[in-house]
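See structure below.
There are 2 protein chains.
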Amino acid sequence: MYYIGIDVGGTNLKAGLVDENYQLVATKKTPLHFVSMEQMGETLADMALGLLEENGIERSQVASVGMGFPGSVDNRRGVVIKTVNIPIRFMPVAEIFHRRWDVPVYLGNDADCAALGEYYHYGEKLESLILVTLGTGIGTGIILNGKIQSGCNGFGGEGGHIVIVHGGEQCTCGRKGCWERYASASALVRQTKAAMEANPASAMWQVSGGLEQVDGRTVFAAVRAGDAAAKAVLEQYLDYLVEGLANFINIFQPEVIALGGGVSHGLDEELMATLQSKVLELCFGREAERRTKLVKARLGNDAGIIGAALLGVSG
Amino acid sequence: MYYIGIDVGGTNLKAGLVDENYQLVATKKTPLHFVSMEQMGETLADMALGLLEENGIERSQVASVGMGFPGSVDNRRGVVIKTVNIPIRFMPVAEIFHRRWDVPVYLGNDADCAALGEYYHYGEKLESLILVTLGTGIGTGIILNGKIQSGCNGFGGEGGHIVIVHGGEQCTCGRKGCWERYASASALVRQTKAAMEANPASAMWQVSGGLEQVDGRTVFAAVRAGDAAAKAVLEQYLDYLVEGLANFINIFQPEVIALGGGVSHGLDEELMATLQSKVLELCFGREAERRTKLVKARLGNDAGIIGAALLGVSG
């Protein structure tokens, strides 16, 4: 039996075939030219059926098709409620898909799908895992008892938008002081640039090649070069990161928090150990036998496809 | 069939008999004189059996005994890990209890039990409810899919200890800027006193009778009397309250958040409507059909007993 996963992005649609060991065995990619919700539903069916044809797989060998959207979904009704970057509003995707192929269809949010992928690929059986993706914003996917938790309306799991600095920086969501304003990859880039402007002699200038070239790796490279200003940036950044992680642990005490996204590539073993001890210090459950383990995400860019496919396993 | 619930407090043990309609039909109370964990386990068995005797109920008519402790528990192993105000560490309460009566025993944290009570008494079937108790601190009990969520080690659901003011007021938990430092009943009392000292002409002085007499109701009474300083205190307090509530909604999008504890008595219909619209304004899911509903908790002091009893229903 196989599971098909489709990761819907603003630019591309990526489909994959996942086997019973949760391994990705084939993929297919196509640019998204959005015309209408109707046409997009057709394209999704084309992709899934094309993936079968290309790999010589029968429809009967597929248990389910899962799709991850950059927005909120109503899985029970098979409807995508709203997406970011694609003009989808209340798209009855399961219904459209079923005109072409009557297979069980599951819908999920893309960050939630990625978390589900990490959950099944952790290597040992878990009860709970939270994936925190440090990218343009902070995405969080919450898996409890093997199920995605996205609330009563599919809008849950927006962990980047918990306020940690009351009255702080304006966030795109309308609130002030959201975690992602301080601990996303974009925030780290802003913090790096500000420190460079304040420290003309910092190694961050050489490492990056200039303000325009700064990215999430700049500060990590400059710290390795022994730069004091970079160290201060990183320390402050990690403080903000820890603040949100500790909030999550005090609420959930999950077995695992996996860190993904651009910034996570900069986190070497030493920094992960620092993060782990900082959060344990701050959180409830210091005396507990079982504590939340911080790890780096394992699946990278395929997490979305694999996780979408595994929506059918999670149910 | 009946369910027995025991609410373990630092001063009293309260036991209750709950029927199949989740109604409390009899109670029993005894002061807690803690000598040893062994003796306390015996007392708990005495209370449960005494409750049966006093009400002419047979052991065979009882489905389960649930106990709520002010601390963390390992329900699977039947062990209380640690409590506040009672010197319990790793108490095998199920084992001790079973020497006297071999009935299924369930353990829970007291705030979680109260949330479970509110969940079953909501009046309609829910998937998710979070109880936020605004008292000395802020307690939160999280019910998802009808089950208490207390994490991998029983220490979860400490929602009062999410930092909303980075680097803010020192909290007893070791962190700085926890929600309960700003939005608990104790915080409101501190904020009221500070405003009184700054405003010698405020009606808060008459209403309370002086700094020593200030409680969580003072500010509400002074606002009703039209006092401007009290209005400012309340507005600021509600801002802090909303900040944490909005964090919870962005994470969970629960069907219901119930507000309990001392402060909730001051929240009349108008203030509840204000709170509801403030949080909806701030949160994700503005366009969703289903939104989190803010309500006042219904069960008051009996929530702990009823919820402990219903641990056996929730399973």
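Chain order of the listed sequences is W and V.
Following numbering that gives the first Met the number 0, the numbering of the first sequence begins with 0 at its first residue and continues without gaps.
Following numbering that gives the first Met the number 0, the numbering of the second sequence begins with 0 at its first residue and continues without gaps.
Even glycine gets a Cβ: it sits at the ideal position worked out from N, Cα and C.
Nothing here was measured: the structure is a model prediction, and the numbers come from that model.
Asked	Found
Return the CA-CA distance between V/TRP178 and V/ALA186, expressed in angstroms with no decimal places.	10 angstroms
Figure out for me which residue from V/MET0, V/ILE56 and V/TRP100 has the closest Cα to the Cα of V/ALA44.	V/TRP100
Ignore the nearest five residues each way along the sequence and tell me which others in V/ILE304's own chain have a CB closer than 6 angstroms to its CB.	GLY4, ASP6, LYS13 and GLY15
Out of V/SER201, V/GLU157 and V/LEU237, which one is the CA nearest neighbour of W/GLN252?	V/GLU157
If I follow the unbroken alpha helix (DSSP H) through V/PHE96, where does it start and stop?	92–99
For a cutoff of 9 angstroms on Cβ pairs, would you count V/GLY340 as touching chain W?	Past the edges of chain V, shown from 0 to 314, lies residue 340 of chain V, and the structure says nothing about it.
Helix or strand or just coil, what does DSSP make of W/CYS177?	strand
Note down, one range per segment and in chain order, each alpha helix (DSSP H) of at least 4 residues found wholly within the region 225–308 of chain W.	227–251 and 268–281
With a cut-off of 8 angstroms, do at least 3 Cβ pairs link the region 112–123 of chain V to the region 76–84 of chain V?	no
Compile a chain-ordered list of the residues in the region 112–135 of chain V whose CB is closer than 7 angstroms to at least one CB of chain W.	GLU126 and SER127
Report the three-state DSSP secondary structure of W/SER127 (helix, strand or coil).	strand
Relative to the C-alpha of W/LEU31, which candidate in W/LEU298, W/MET46 and W/VAL17 has its C-alpha closest?	W/MET46
One question on the structure: do V/LEU293 and V/LEU274 come within less than 9 angstroms of each other, judged by their Cβ atoms?	yes
With a 10 Å radius around its C-beta and 16 neighbouring C-beta atoms as the bar for buried, classify V/MET0 as buried or exposed.	exposed
Determine the direct distance from the alpha carbon of W/LEU50 to that of W/LYS27, and round the result to whole angstroms.	7 angstroms
Given W/PRO91, which residues of its chain have a CB within under 6 angstroms of its CB, disregarding the five upstream and five downstream residues?	VAL78
Measuring alpha carbon to alpha carbon, tell me which of V/GLY8, V/ILE248 and V/VAL232 ends up nearest V/ALA113.	V/GLY8
Is any beta-carbon of chain V found at less than 9 angstroms from that of W/THR273?	no
Mind checking whether V/MET66 and V/VAL104 have CB atoms under 9 angstroms apart?	yes
Would the region 216–232 of chain W and the region 190–206 of chain W be scored as touching if the rule is three or more Cβ pairs under 8 angstroms?	yes
In the DSSP assignment, find the unbroken beta strand (DSSP E) run with V/VAL24 in it and report its ends.	23–30
Quick one, which of W/ASP214, W/GLY306 and W/ILE141 has its alpha-carbon nearest W/HIS264's?	W/ASP214
Does any CB atom of chain W fall closer than 9 angstroms to the CB of V/ALA287?	yes
Tell me, please, which residues DSSP counts as bridged to W/TYR105.	W/GLY65
Among the candidates W/LEU125, W/GLY140, W/GLY243 and W/THR132, whose CA atom is the shortest distance from the CA of W/GLY260?	W/THR132
Can you give me the Cβ contacts of V/ARG216 inside the same chain, cut-off strictly under 6 angstroms, excluding the 5 residues immediately before and after it?	GLY265
If the cut is a Cβ gap below 9 angstroms, which residues of chain W does V/PRO253 touch?	GLY150, CYS151 and GLY155
The region 238–253 of chain V: which residues have C-beta closer than 9 angstroms to a C-beta of chain W, in chain order?	ASP238, TYR239, GLU242, GLY243, ALA245, ASN246, PHE247, ILE248, ASN249, ILE250, PHE251, GLN252 and PRO253
Within a Cβ cutoff of 8 angstroms, which residues of the same chain sit near W/TYR239, ignoring the five residues on either side of it in sequence?	ILE163, TRP178, TYR181, ALA182 and ALA186
Note down, in chain order, every chain W residue with its Cβ under 9 angstroms from the Cβ of V/CYS170.	Neighbours of V/CYS170 on chain W: none; closest Cβ ~10 angstroms, over 9 angstroms.
Between the C-alpha atoms of V/ALA62 and W/ARG98, what's the straight-line distance to the nearest angstrom?	50 angstroms
Could you tell me the alpha carbon to alpha carbon distance between V/ALA307 and W/GLY284, rounded to whole angstroms?	22 angstroms
So for W/GLY9, helix, strand or coil by DSSP?	coil
Which partner residues does V/VAL213 have in the DSSP bridge list?	Note: V/VAL213 sits in no beta bridge, so no partner.
For the region 57–80 of chain W, which residues have a CB atom closer than 8 angstroms to at least one CB atom of chain V, in sequence order?	SER71 and ILE80
Would you mind reading off the limits of the beta strand (DSSP E) that contains W/THR139?	137–143
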